[in-house]
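Asker:
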């Protein structure tokens, strides 16, 4: 095997999500702790005594004031009492109900689904990948060798085109929605929003979703397999900017470039900043000033997902260290959970951030206030399997 | 309440965010504390070593239930033998040796007494955006025999040298090297065919 193949092997071995990862761990932990409790000497450490004291105090507090009790508040109070650190406000489960207006696109093995704010879900069809049109009137959906525009209300296919090679990663351009960029085989292709004039726009496209620039709806950023990122005009095919990986390129000293791997591209809502993210580092390019801000993550830490808020420059990142994933907004941690948290989606109003938690069949929702320490977290259990992935939360 | 719900409520309530991080205590210090009956030390040893042990088991057996059982049994074996454990030796390799050998034994037994037809086995789940390559690799790995999968996992997931793998599996070093070479050749070939 080549060195690249060995790296890919090691990445697959260490990063592939395990089925029921969180549940299996909790079951094993409880079994082990119970087994140890049966065999261990009857000595309790000071910290354990403290926990019991705190738990007793919490129980008394809850008993005195039943009005705002509830398991989540009990645990939250309990943790405040024990560790004396600010904890996010806990919100009880509310069933599958989204906290903000809009609809979610969700895929799983059985196909693509639209989840309404009320939690009602509707199957769109056996599509594997999809993206919303700018105002949510249509969904550009891909499956095997077909790209189609589907009406999410009637599930009717407005148009479809078939390619000789597999189709994936469709992304609809913003504002007027004139174009859809997608990957077919290893090529970047762009088609008009009405399904006409399907053209090849680039070669050696990496398995990374292309990103339309919000402030300039004809402008697209896409990544090639060698790590080069190109910003070009979709109408004229004119290359506006290239972030190369050569010795003088701006990415020359990044791990992303050296590994030839770009994993994510994202624009800030004003189209001024472009995030180019790899596994272990990410760079934010300010196209107005030409400045760039490169961040290298510590060893053993990997970047799982990144998403700019629909307004402003707030950037959400999901970063995994060991068997935990931390979600940060603007660099401030707002949530940490076991296993893999990924598929970050901002609500259309920018007030909520959704993090997928595949191994636990849940979505965690962070109410993203101005200060990260005020962030509130809630969770909803969805009815999808462990392969569920979100594909956009739209209008 | 299911374990998933408990885990989610932990996260929702902030317990996971502000809860105990892993300490700077060494494994030896934690083992010593665990031998004295400290449940927190057992819990921390579990949190440190479970991810790699569970992952290694799953990659060798490719069966979620069996992987969980094998990994859990490895920890319980370690717990039962804790009083006899030599604290001068690292805990990780001891656990890895137990879990990989058990995983190989389970896979051999499964091959002799298959419970379902091979083509009815579910495929591994994956959610990563770069999953096409990862899926190909895991599918190719699953096609190898358990002995070959085990050396790949020990070398490329857990980072042991061929000499250390030979000691763990009680094999001549040359056998480990040849299994490793054959396994990597087979994986490379499978990846080439996928392209």
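Chains as they are written, first to last, in this note's numbering: chain A, -7 to 387; chain B, 79 to 273.
Ideal Cβ positions, reconstructed from N, Cα and C, are used throughout, including at glycine.
Measure the CB-CB distance between residue 258 of chain A and residue 295 of chain A and report whether it falls below 9 Å.
Answerer: Taking the first chain and counting its residues from 1, the one referred to as residue 258 of chain A is at position 266. Taking the first chain and counting its residues from 1, the one referred to as residue 295 of chain A is at position 303. Cβ atoms of residue 258 of chain A and residue 295 of chain A: not closer than 9 Å.
Asker: Note down the Cα distance separating residue 165 of chain B from residue 260 of chain B, rounded to an integer number of angstroms.
Answerer: Numbered from its first residue, the second chain carries residue 165 of chain B at position 87. Numbered from its first residue, the second chain carries residue 260 of chain B at position 182. For residue 165 of chain B and residue 260 of chain B, the distance between alpha carbons rounds to 36 Å.
Asker: Taking 9 Å as the CB-CB cut-off, is residue 45 of chain A touching chain B?
Answerer: Numbered from 1 along the first chain, position 53 holds the residue referred to as residue 45 of chain A. Its pLDDT being 33, under 50, residue 45 of chain A is placed unreliably by the model, and nothing is read from it.
Asker: Residue 269 of chain B and residue 228 of chain B: beta carbons closer than 9 Å?
Answerer: Translated into positions along the second chain, residue 269 of chain B becomes position 191. Translated into positions along the second chain, residue 228 of chain B becomes position 150. In this structure, residue 228 of chain B does not lie closer than 9 Å to residue 269 of chain B by Cβ.
Asker: Below 8 Å on the Cβ atoms is my contact criterion, and I expect residue 299 of chain A with residue 308 of chain A to pass it. Report the Cβ-Cβ distance as a whole number of Å.
Answerer: Indexing the first chain from 1 puts residue 299 of chain A at position 307. Indexing the first chain from 1 puts residue 308 of chain A at position 316. About 5 Å separates the two Cβ atoms, so the contact holds.
Asker: Scan the region 264 to 347 of chain A and note each continuous beta strand (DSSP E) run of 3 residues or more that stays entirely inside, going in chain order.
Answerer: Listed in chain order, the complete beta strand (DSSP E) runs (minimum 3 residues) inside the region 264 to 347 of chain A are 265 to 269, 273 to 278, 284 to 288, 293 to 300, 307 to 313, 316 to 321, 324 to 330, 334 to 338.
Asker: For the region 152 to 163 of chain B and the region 23 to 33 of chain A, state whether three or more C-beta atom pairs, one from each stretch, are separated by less than 8 Å.
Answerer: Yes, they touch.
Asker: Nearest chain B C-beta to residue 48 of chain A closer than 9 Å, yes or no?
Answerer: For the purposes of this step, residue 48 of chain A is identified with residue 56 of the first chain, where counting begins at 1. Low local confidence applies: a pLDDT of 34 at residue 48 of chain A is under 50, so the model's placement there is unreliable, with the coordinate-based value given in what follows. No, residue 48 of chain A lies away from the interface with chain B (no Cβ there is under 9 Å from its Cβ).
Asker: Assuming residue 340 of chain A and residue 92 of chain A make a contact with CB atoms under 8 Å, what is their CB distance in whole Å?
Answerer: On the first chain, residue 340 of chain A is found 348 positions in, with the first residue counted as 1. On the first chain, residue 92 of chain A is found 100 positions in, with the first residue counted as 1. Indeed they touch by this definition, with Cβ atoms about 7 Å apart.
Asker: Check whether the region 105 to 125 of chain B touches the region 112 to 132 of chain A, counting contact only when three or more Cβ pairs, one atom from each stretch, lie closer than 8 Å.
Answerer: No: the two stretches stay apart, fewer than three of their Cβ pairs being nearer than 8 Å.
Asker: List the residues of chain A whose Cβ lies closer than 9 Å to the Cβ of residue 215 of chain B, in chain order.
Answerer: Residue numbering aside, residue 215 of chain B sits at position 137 when the second chain is read from its first letter. What residue 215 of chain B touches in chain A: -3, 0, 1, 3, 4, 5, 8.
Asker: Quick check on residue 146 of chain B - is its C-beta less than 9 Å from some C-beta in chain A?
Answerer: Here residue 146 of chain B corresponds to residue number 68 of the second chain, with the count starting at 1. For residue 146 of chain B, the answer is yes, since a Cβ of chain A falls inside 9 Å of its Cβ.
Asker: Pull up the distance between the alpha-carbon of residue 303 of chain A and that of residue 282 of chain A, whole angstroms please.
Answerer: Translated into the one-based positions of the first chain, residue 303 of chain A becomes position 311. Translated into the one-based positions of the first chain, residue 282 of chain A becomes position 290. So the alpha carbons of these two residues sit roughly 21 Å apart.
Asker: Determine the direct distance from the alpha carbon of residue 177 of chain B to that of residue 147 of chain B, and round the result to whole angstroms.
Answerer: Within the second chain, residue 147 of chain B is the residue found at index 69, counting from 1. Within the second chain, residue 177 of chain B is the residue found at index 99, counting from 1. One C-alpha to the other measures close to 10 Å.
Asker: So which residues of chain A does residue 254 of chain B contact, with C-beta pairs closer than 9 Å?
Answerer: Sequence index remark: in the second chain, residue 254 of chain B carries index 176 (1-based). Chain A residues near residue 254 of chain B: none, gap ~17 Å exceeds 9 Å.
Asker: List, from N- to C-terminal side, the alpha helix (DSSP H) runs of 4 residues or more that fit wholly inside the region 0 to 36 of chain A.
Answerer: Runs of the alpha helix (DSSP H) inside the region 0 to 36 of chain A: 13 to 31.
Asker: With DSSP as the reference, please indicate the residues paired to residue 152 of chain A in a beta bridge.
Answerer: Along the first chain, one-based indexing puts residue 152 of chain A at 160. In DSSP, residue 152 of chain A forms a bridge with A:140.
Asker: Between which two residues does the beta strand (DSSP E) holding residue 133 of chain B run?
Answerer: For the purposes of this step, residue 133 of chain B is taken as the residue at position 55 of the second chain. Note, residue 133 of chain B: premise wrong, no beta strand (DSSP E); alpha helix (DSSP H) at 117 to 139.
Asker: Does DSSP classify residue 147 of chain A as helix, strand or coil?
Answerer: As a position in the first chain, residue 147 of chain A is number 155, starting the count at 1. Of the three classes helix, strand and coil, the one that applies to residue 147 of chain A here is coil, per DSSP.
Asker: Report the option in A:376, A:192, A:156 whose CA atom is closest to the CA atom of residue 171 of chain A.
Answerer: The residue given as residue 171 of chain A occupies position 179 in the first chain. Ranking A:376, A:192, A:156 by Cα distance to residue 171 of chain A puts A:192 first.
Asker: Between residue 109 of chain A and residue 90 of chain A, how many whole angstroms is the CB-CB distance? I'm expecting something under 8 Å.
Answerer: Here residue 109 of chain A corresponds to residue number 117 of the first chain, with the count starting at 1. Here residue 90 of chain A corresponds to residue number 98 of the first chain, with the count starting at 1. Residue 109 of chain A to residue 90 of chain A, Cβ: 5 Å. Contact.
Asker: Determine the direct distance from the alpha carbon of residue 253 of chain B to that of residue 374 of chain A, and round the result to whole angstroms.
Answerer: Within the first chain, numbered from 1, the residue matching residue 374 of chain A stands at position 382. Within the second chain, numbered from 1, the residue matching residue 253 of chain B stands at position 175. Looking at the two C-alpha atoms, the distance is approximately 48 Å.
Asker: Quick one: grab the DSSP three-state call for residue 201 of chain A.
Answerer: Working through the first chain from its first residue, we reach residue 201 of chain A at position 209. The answer is coil: DSSP assigns residue 201 of chain A none of H, G, I, E or B.
Asker: Whole angstroms are fine: how far does the CA of residue 130 of chain A sit from the CA of residue 233 of chain A?
Answerer: In the first chain, counting from the first residue as 1, residue 233 of chain A sits at position 241. In the first chain, counting from the first residue as 1, residue 130 of chain A sits at position 138. Approximately 31 Å between the Cα atoms of the pair.
Asker: Starting from residue 23 of chain A, find everything on chain B with Cβ-Cβ shorter than 9 Å and list it in chain order.
Answerer: The residue labelled residue 23 of chain A in the question sits at position 31 within the first chain. The answer, in chain order, is 150, 153, 154.
Asker: Is the region 115 to 122 of chain B touching the region 161 to 175 of chain B, taking contact as three or more C-beta pairs under 8 Å?
Answerer: The region 115 to 122 of chain B vs the region 161 to 175 of chain B: no contact.
Asker: List, in order along the chain, the chain B residues whose C-beta lies closer than 7 Å to that of residue 314 of chain A?
Answerer: As a working mapping, residue 314 of chain A is identified with position 322 in the first chain. Ordered by position in chain B, the residues that pass the 7 Å Cβ test against residue 314 of chain A are 129.
Asker: Could you check what DSSP says for residue 153 of chain B in three-state terms: helix, strand or coil?
Answerer: Locating residue 153 of chain B in the second chain gives position 75, counting from the first residue. Helix.
Asker: Taking Cβ-Cβ distances shorter than 9 Å, what residues in chain B pair up with residue -7 of chain A?
Answerer: For the purposes of this step, residue -7 of chain A is identified with residue 1 of the first chain, where counting begins at 1. What residue -7 of chain A touches in chain B: 262, 263, 265, 266, 269.
Asker: Looking at the structure shown, is residue 261 of chain B part of a helix, part of a strand, or coil, going by DSSP?
Answerer: The count along the second chain starts at 1 and reaches residue 261 of chain B at position 183. It is helical.
Asker: Measuring alpha carbon to alpha carbon, tell me which residue in B:189, B:258, B:243 is nearest residue 172 of chain B.
Answerer: Residue 172 of chain B sits at position 94 when you count from the first residue of the second chain. Cα-wise, what sits closest to residue 172 of chain B is B:243.
Asker: Just the chain B side, please: which residues come within less than 7 Å of residue 27 of chain A by C-beta, in chain order?
Answerer: The residue labelled residue 27 of chain A in the question sits at position 35 within the first chain. Those within 7 Å of residue 27 of chain A in chain B are 154, 157.
Asker: From which residue to which residue does the beta strand (DSSP E) around residue 100 of chain A run?
Answerer: Here residue 100 of chain A is taken as the residue at index 108 of the first chain, counted from 1. Taken as a continuous stretch (DSSP letters only), the beta strand (DSSP E) holding residue 100 of chain A covers 95 to 100.
Asker: Below 8 Å on the Cβ atoms is my guess for residue 177 of chain A versus residue 158 of chain A; work out the distance and round it to an integer in Å.
Answerer: For the purposes of this step, residue 177 of chain A is taken as residue 185 along the first chain, with counting starting at 1. For the purposes of this step, residue 158 of chain A is taken as residue 166 along the first chain, with counting starting at 1. Yes, residue 177 of chain A and residue 158 of chain A are in contact; Cβ-Cβ is about 7 Å, under 8 Å.
Asker: If you follow the beta strand (DSSP E) that residue 117 of chain A is in, where does it begin and where does it stop?
Answerer: Stepping through the first chain from its first residue, residue 117 of chain A is reached at position 125. From DSSP, the beta strand (DSSP E) with residue 117 of chain A extends over 113 to 117.
Asker: Just to confirm my understanding: we take residue 207 of chain A, look at its own chain, exclude 5 residues before and 5 after, and list those with CB closer than 7 Å. What are they?
Answerer: The residue labelled residue 207 of chain A in the question sits at position 215 within the first chain. Cβ neighbours of residue 207 of chain A beyond the five flanking positions: 262, 263.
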